[in-house]
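Down below is the structure, laid out as structure tokens.
Numbering (the UniProt record's numbering), first residue to last: 1 to 307.
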């Protein structure tokens with residue numbers, strides 16, 4: 001590549017009269033100038049592409065450039081094809097820099113908005129987690145207050161079973177209420193999504209510009225609701241598994257208690273039978289004693305008469 005206006009004379013003088021260090025310094029300055037011009041052309045070319053203009057038609061542009069330079073137009077010389085670089089004026093550079101600064105400021109503002117939205121989402125998630133922790137602590141307190149003391153008492157296993165089943169039914173009702181609420185929220189979001197799709201289809205058919213439709217915010221809300229529903233479904237599943245394990249352990253205890261109750265009923269039945277037998281035996285003993293006394297009295301009377 002060669003720069004416009006570059007001839008056999010270099011900035012330090014005639015090339016044949018220059019020493020090697022001077023020649024290397026001149027070549028370095030020319031290379032740095034070429035790199036700077038190439039970077040400026042790159043920025044200018046991006047600006048032109050952004051405006052939707054043809055980079056080959058410099059006459060249509062309102063930018064004033066030096067007369068001997070064109071906009072990336074290749075001019076064929078006798079030896080090889082050379083590329084001419086545009087030498088921008090200061091006002092052009094300031095204009096392009098201002099454009100990029102405005103674009104950068106817009107990107108920064110958009111990034112700040114996204115960060116604020118992310119922080120807001122994290123705060124909402126933290127509040128939800130705090131509420132979940134309060135709910136779990138409340139359930140744990142209820143379980144420890146109503147069920148655990150009965151489980152620790154070996155004579156109140158049946159009461160512990162009924163207390164836990166009542167606690168479990170309350171937890172399931174709460175989970176069903178949360179699930180129903182999320183189902184209604186999801187249904188409303190799906191209806192809203194369908195209405196937005198219908199709105200887009202109508203405006204696409206009518207070729208009307210859509211003003212201020214925040215699709216990203218809608219997508220964030222739908223994603224948050226879906227994630228929240230998945231988290232609650234996982235939490236419900238975990239609680240159901242824990243409740244199922246506790247229910248199985250209580251069922252085992254209930255089976256052992258039923259066996260003990262059956263044994264107790266059998267013992268009571270045996271006690272009743274024994275008591276009845278004892279009563280019959282006592283009655284027989286009394287009857288025997290009465291009969292013996294009567295016989296003894298008769299025998300004594302007959303003995304006295306004989307004497």
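By construction, the Cβ of each residue, glycine as well, lies at the ideal position given by its N, Cα and C atoms.
For the alpha helix (DSSP H) holding residue i, just list the boundary residues, first then last.
{"i": "residue 110", "result": "90-146"}
So, helix, strand or coil for residue i, using DSSP?
{"i": "residue 28", "result": "helix"}
{"i": "residue 253", "result": "helix"}
{"i": "residue 18", "result": "coil"}
{"i": "residue 153", "result": "coil"}
{"i": "residue 303", "result": "helix"}
For residue i, is the classification buried or exposed, using 16 other Cβ atoms within 10 angstroms of its Cβ as the cut-off for buried?
{"i": "residue 160", "result": "buried"}
{"i": "residue 57", "result": "For residue 57, the predicted structure reports a pLDDT of 42, less than 50, and the residue's modelled location is therefore unreliable. A value from the coordinates is still provided. Exposed is the call here."}
{"i": "residue 44", "result": "buried"}
{"i": "residue 250", "result": "buried"}
{"i": "residue 168", "result": "buried"}
{"i": "residue 20", "result": "exposed"}
{"i": "residue 92", "result": "buried"}
{"i": "residue 238", "result": "exposed"}
{"i": "residue 41", "result": "buried"}
{"i": "residue 37", "result": "buried"}
### Stretch pair the region 180-187 + the region 271-280: three plus CB contacts closer than 8 Å
No, because fewer than three Cβ pairs between the region 180-187 and the region 271-280 fall closer than 8 Å, the two stretches do not touch.
On the three-pair Cβ rule with 8 Å, is the region 217-228 touching the region 138-153?
Using a C-beta cut-off of 8 Å, the region 217-228 makes no contact with the region 138-153, since fewer than three inter-stretch Cβ pairs fall below that distance.
query = Is it true that the region 133-148 meets the region 186-193, where meeting means three or more beta-carbon pairs spaced less than 8 Å apart?
reply = The answer is no - the region 186-193 does not touch the region 133-148, with fewer than three Cβ pairs under 8 Å.
Segment contact flag, the region 263-276 with the region 156-170, C-beta cutoff 8 Å, min 3 pairs: Contact fails: fewer than three Cβ-Cβ distances are below 8 Å.
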